[in-house]
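Residue numbers (our numbering): 760 to 908.
Notes follow once the structure below has been shown.
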């Protein structure tokens, strides 16, 4: 009797392997639900990064705002929503957090005041609920290059 169950199981396994092999050229090496390389052109990526930086500015103790001066890496993961992983370089601006107009803050160009940080932000975006969450972030100061020789 147990042998009767082995034949359908073997056929089902063979069918699943055959389907996987036939879909592999179509899907490539993409693992569904896995983390994939992405870019700032990805839908909702710019808004997600802007939200992450605004939350970073809200949470840190700096008197001045920071803004993105370089995007090093963008990855995403499609789940129940989209999780974005950003690696960026932030620069300190001359705008204090208490100022009213913070949209176009120039970077601080005084050599003793320049500060750059490498930051990683993990964002979770649920577009149909109109929600964005900064799940984790970490930043560390970078050594600023000077032209003093």
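Every residue gets a Cβ at the ideal spot worked out from N, C-alpha and C, and that includes glycine.
Bear in mind the structure is a predicted one, so any value in this text is a computation, not a measurement.
Starting from the Cα of residue i, find the closest Cα among the options and give me that residue.
i	options	result
residue 858	806, 837, 796, 823	823
residue 806	817, 890, 867	890
residue 832	874, 799, 867	799
residue 870	877, 852, 880, 862	852
residue 816	901, 845, 896	896
residue 820	842, 801, 873, 855	855
residue 794	830, 864, 841	841
residue 836	884, 893, 865, 846	884
residue 796	878, 868, 866, 846	846
With H, G and I counted as helix, E and B as strand and the rest as coil, what does DSSP make of residue i?
i	result
residue 849	strand
residue 783	Bear in mind that the predicted position of residue 783 carries a pLDDT of just 49, short of 50, making it too unreliable to give a figure here.
residue 888	helix
residue 864	coil
residue 870	coil
residue 856	coil
Tell me the residue span of the alpha helix (DSSP H) that contains residue i.
i	result
residue 816	804-818
Determine the direct distance from the alpha carbon of residue j to that of residue i, and round the result to whole angstroms.
i	j	result
residue 850	residue 887	33 Å
residue 899	residue 812	14 Å
residue 810	residue 803	11 Å
residue 876	residue 814	15 Å
residue 792	residue 848	27 Å
residue 902	residue 826	17 Å
residue 843	residue 829	16 Å
Mind checking which residues open and close the beta strand (DSSP E) that includes residue i?
i	result
residue 881	875-885
residue 796	794-796
residue 824	823-838
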